[in-house]
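Number of protein chains: 2
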Amino acid sequence: MKKVILASTSTLYNGDYLEYLLPTLLEHFSGCKTLLFIPYARPSGITHDDYTRKVSVAFAKINITVNGIHNYENPTEAIQKAEAIFTGGGNTFLLVSQLYKNNLMTVLKNTIEAGTPYLGTSAGSNIGGMTMNTTNDMPIVLPESFNTLGLIPFNLNPHFLDANLQSTHMGETRETRINEFHTISNIPVLGLREGSWLEVYGENITLKGDFFARLFKQNKPAIELKTNTNFSFLA
Amino acid sequence: MKKVILASTSTLYNGDYLEYLLPTLLEHFSGCKTLLFIPYARPSGITHDDYTRKVSVAFAKINITVNGIHNYENPTEAIQKAEAIFTGGGNTFLLVSQLYKNNLMTVLKNTIEAGTPYLGTSAGSNIGGMTMNTTNDMPIVLPESFNTLGLIPFNLNPHFLDANLQSTHMGETRETRINEFHTISNIPVLGLREGSWLEVYGENITLKGDFFARLFKQNKPAIELKTNTNFSFLA
């Protein structure tokens, strides 16, 4: 059974890395002693090694040993044999570009669909959607495709931000940007606020955390959906 | 002689479309009775026709008639024969994708380099840089390349926003995003605040407007540069 968590962010304001998710992860990864980490998104340009060390510190708290995929000679096999998989946040363009370059997109999808428990945060959640078209990141590299894992039948917008009505800045709001996407695509987009995550267990896709999420569909007004909403209706 | 204006934004808070730039444009486009408008970036998904009408209203104030490139059977010829060219803001991915689809990137570059006066705002300024890697826009479509006009020997980040030190949001700041770009590219990036523009006359690239601009170079601390700075030193 598919067992996936896609979180808006790894870290809450004033919190430690992954801290708010640890009780959930203890259950999600129960029975797993090791976890394969995919550090390709390199937040702030951090190295794969440094990023993996940071993740190891967090997972040590729930007694899971972390191995970075960049240390394997055969990353395809590393994914296939992993007990658990985590893709961290950073730059989605870099992450997707590296997954394609290493021919890992399909094997990662198939492995997760077959039941290897998966965690994504931020960019690592973005790739859980159908495409990466609704990332917030800067296009620092051109990936060969924007198609991603499709673990859910819609797209995500992590770190979703409501418009600041006091702002005098004339750049587009997040909502304007998502509406622009819907002028050329009919894939629904779920805006996940920081502190929210999706639990995907088999066919059930459930909103967790304390916040409402905002659902955008083509040619429909956006709606707010509360914690424990089951998103299977989007399938 | 190359004659280019690249503006951070088309519109200031509480201002009308292009209003703050009109005195500058009157001089920049002096002698021109008509202007070719490239509406491909479609802000908020507006149609090419509606966007062209909006631009026509602004340019009527300085007695210039606007024609949208989408109305020409041969857009290449339309660019080559234009008295003046303006590319408006919106989504940079859509703009660049359409320029490549219509085989217009090279002819547009050559025509501007040969002296046809050009104006870009926001996405239309982004394409004046070497690449579109430092746009703020959402990747709603995948262009065949991120390479753009290279009218200046560096990249732009329009609508540049300083970090809000009071914010509890954990998404990346603009500065973090640009620094991520510099982990994989050595192209300098100029953050242009709303109300600033670059004047490119021949080999002189000059900062105009009331604000400092922020220059990011690989492996160097960012620096603030004042109005009338000449950026030819980046060539």
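Residue numbers (the numbering used here), protein chains in the order written: chain A, 75 to 309; chain B, 75 to 309. Glycine included, each C-beta is placed from N, C-alpha and C at the ideal position.
Please report the Cβ distance between residue i and residue j, rounded to the nearest whole angstrom; I am assuming they are in contact, meaning their Cβ atoms lie under 8 angstroms.
{"i": "Phe-234/B", "j": "Ile-214/A", "result": "Between Ile-214/A and Phe-234/B the Cβ distance is about 16 angstroms, and since that is not below 8 angstroms, they are no contact."}
{"i": "Pro-232/A", "j": "Ser-259/A", "result": "So it is not a contact: roughly 18 angstroms between Cβ atoms."}
{"i": "Trp-271/B", "j": "Ile-79/B", "result": "6 angstroms"}
{"i": "Leu-216/A", "j": "Ser-171/B", "result": "Leu-216/A to Ser-171/B, Cβ: 12 angstroms. No contact."}
{"i": "Leu-96/A", "j": "Lys-135/A", "result": "6 angstroms"}
{"i": "Thr-250/B", "j": "Ser-199/A", "result": "About 19 angstroms; that fails the 8 angstroms criterion."}
{"i": "Asp-284/A", "j": "Gly-269/A", "result": "6 angstroms"}
{"i": "Thr-208/B", "j": "Ile-252/B", "result": "6 angstroms"}
{"i": "Tyr-94/A", "j": "Leu-86/A", "result": "5 angstroms"}
Tell me where the beta strand (DSSP E) around residue i begins and ends.
{"i": "Lys-291/B", "result": "Taken as a continuous stretch (DSSP letters only), Lys-291/B belongs to no beta strand (DSSP E), as it is neither H nor E."}
{"i": "Asn-229/B", "result": "229 to 231"}
{"i": "Thr-222/A", "result": "Taken as a continuous stretch (DSSP letters only), Thr-222/A belongs to no beta strand (DSSP E), as it is neither H nor E."}
{"i": "Ile-279/B", "result": "278 to 283"}
{"i": "Glu-313/B", "result": "No answer is possible for residue 313/B: it lies beyond the span of chain B, which begins at 75 and ends at 309."}
{"i": "Ala-309/B", "result": "Here Ala-309/B belongs to no beta strand (DSSP E), and DSSP marks it neither H nor E."}
{"i": "Tyr-275/B", "result": "270 to 275"}
{"i": "Ile-42/A", "result": "What the structure shows of chain A is the stretch from 75 to 309, and residue 42/A is not part of that stretch, so it cannot be assessed."}
{"i": "Tyr-297/B", "result": "Before going on, a small fix: residue 297/B reads as Ile here, not Tyr. Note, Ile-297/B: beta strand (DSSP E), 297 to 299."}
{"i": "Val-263/A", "result": "263 to 265"}
Does the ligand NAD have even one heavy atom less than 7 angstroms from the beta-carbon of residue i?
{"i": "Thr-126/B", "result": "In terms of ligand content, the structure shown is empty, and the ligand NAD therefore cannot be addressed."}
Between the alpha carbons of residue i and residue j, how many angstroms are there, rounded?
{"i": "Ser-84/B", "j": "Phe-286/A", "result": "34 angstroms"}
{"i": "Val-277/A", "j": "Leu-308/A", "result": "The residue asked about is misnamed: residue 277/A is Glu in this sequence, not Val. Distance between the alpha carbons of Glu-277/A and Leu-308/A is about 11 angstroms."}
{"i": "Leu-91/A", "j": "Leu-193/A", "result": "Residue identity differs from the one stated: residue 91/A is Tyr in this sequence, not Leu. Answer to the nearest angstrom: the Cα atoms are 14 angstroms apart."}
{"i": "Gly-142/A", "j": "Lys-294/B", "result": "30 angstroms"}
{"i": "Thr-139/A", "j": "Thr-121/A", "result": "19 angstroms"}
{"i": "Leu-299/A", "j": "Ile-201/A", "result": "22 angstroms"}
{"i": "Glu-147/A", "j": "Val-129/B", "result": "56 angstroms"}
{"i": "Leu-281/B", "j": "Leu-110/A", "result": "49 angstroms"}
{"i": "Leu-168/B", "j": "Glu-246/A", "result": "15 angstroms"}
{"i": "Tyr-125/B", "j": "Tyr-174/B", "result": "20 angstroms"}
{"i": "Ile-297/A", "j": "Glu-273/A", "result": "20 angstroms"}
{"i": "Thr-301/B", "j": "Gln-240/B", "result": "28 angstroms"}
{"i": "Tyr-114/A", "j": "Thr-161/A", "result": "8 angstroms"}
{"i": "Thr-150/B", "j": "Ala-158/B", "result": "14 angstroms"}
{"i": "Lys-291/A", "j": "Pro-227/A", "result": "12 angstroms"}
{"i": "Ala-237/A", "j": "Ala-81/A", "result": "21 angstroms"}
{"i": "Ile-153/A", "j": "Thr-166/B", "result": "35 angstroms"}
{"i": "Thr-98/A", "j": "Gly-224/A", "result": "23 angstroms"}
{"i": "Thr-257/B", "j": "Gly-163/B", "result": "27 angstroms"}
{"i": "Leu-289/A", "j": "Pro-262/A", "result": "7 angstroms"}
{"i": "Thr-380/A", "j": "Arg-248/A", "result": "Outside the shown range of chain A (75 to 309) lies residue 380/A, about which nothing can therefore be said."}
{"i": "Thr-303/B", "j": "Met-204/B", "result": "20 angstroms"}
{"i": "Met-75/A", "j": "Asn-184/A", "result": "12 angstroms"}
{"i": "Ala-188/B", "j": "Asn-221/A", "result": "39 angstroms"}
{"i": "Cys-106/B", "j": "Asn-137/B", "result": "9 angstroms"}
{"i": "Thr-190/B", "j": "Lys-77/B", "result": "7 angstroms"}
{"i": "Asp-123/A", "j": "Phe-305/B", "result": "38 angstroms"}
{"i": "Thr-180/A", "j": "Asn-229/B", "result": "34 angstroms"}
{"i": "Asn-210/A", "j": "Asn-88/A", "result": "22 angstroms"}
{"i": "Asn-177/B", "j": "Phe-103/B", "result": "26 angstroms"}
{"i": "Thr-108/A", "j": "Phe-133/A", "result": "9 angstroms"}
{"i": "Ile-186/A", "j": "Tyr-275/B", "result": "55 angstroms"}
Give the range of the alpha helix (DSSP H) segment to which residue i is assigned.
{"i": "Glu-101/B", "result": "96 to 102"}
{"i": "Thr-317/A", "result": "Residue numbering for chain A in the displayed model covers 75 to 309; residue 317/A lies beyond these limits and cannot be assessed."}
{"i": "Phe-160/B", "result": "That residue, Phe-160/B, is in no alpha helix (DSSP H); its beta strand (DSSP E) goes 159 to 161."}
{"i": "Ala-134/B", "result": "122 to 134"}
{"i": "Glu-249/B", "result": "248 to 255"}
Self-check item: Against chain A: residues of the segment 234 to 260 of chain B by CB proximity under 8 angstroms
Solution: Answer set for the segment 234 to 260 of chain B: Leu-235, Thr-242, His-243, Met-244, Gly-245, Glu-246, Thr-250, Arg-251, Ile-252, Asn-253, Glu-254, Phe-255, His-256, Thr-257, Ile-258 and Ser-259.
Quiz item: Along the segment 199 to 216 of chain B, what residues have a CB closer than 8 angstroms to any CB found in chain A?
Solution: Within the segment 199 to 216 of chain B, the residues whose Cβ lies closer than 8 angstroms to some Cβ of chain A are Met-206, Asn-207, Thr-208, Thr-209, Asn-210, Asp-211, Met-212, Pro-213, Ile-214, Val-215 and Leu-216, listed in chain order.
Quiz item: Can you list, in chain order, the stretches of the alpha helix (DSSP H) that have 4 or more residues and sit fully within the segment 175 to 204 of chain A?
Solution: Fully enclosed alpha helix (DSSP H) runs of 4 or longer: 179 to 187 and 197 to 200.
Quiz item: According to a CB-to-CB cut-off of less than 8 angstroms, which residues of the segment 97 to 120 of chain B neighbour chain A?
Solution: Contact residues of the segment 97 to 120 of chain B toward chain A are Arg-116, Pro-117, Ser-118 and Gly-119 (C-beta to C-beta distance below 8 angstroms).
Quiz item: Listed from N- to C-terminal order along the chain, which residues in the segment 267 to 283 of chain A have their beta-carbon within a distance smaller than 7 angstroms of any beta-carbon of chain B?
Solution: Per Cβ criterion, the list reads Glu-268.
Quiz item: Closer than 9 angstroms, Cβ to any Cβ of chain A: which residues of the segment 169 to 196 of chain B, in chain order?
Solution: So the close ones are Ser-196.
Self-check item: Interface residues of the segment 296 to 309 of chain A facing chain B [CB-CB below 8 angstroms]
Solution: From the segment 296 to 309 of chain A, no residue has a Cβ closer than 8 angstroms to chain B.
Exercise. Scan the segment 131 to 165 of chain B for residues whose Cβ lies nearer than 7 angstroms to a Cβ of chain A and list them as they occur along the chain.
Key: Close to chain A, meaning a Cβ-Cβ distance shorter than 7 angstroms, are the following residues of the segment 131 to 165 of chain B: Asn-165.
Quiz item: Taking a cut of 7 angstroms between CB atoms, which residues from the segment 220 to 234 of chain A lie near chain B?
Solution: Per Cβ criterion, the list reads Phe-220 and His-233.
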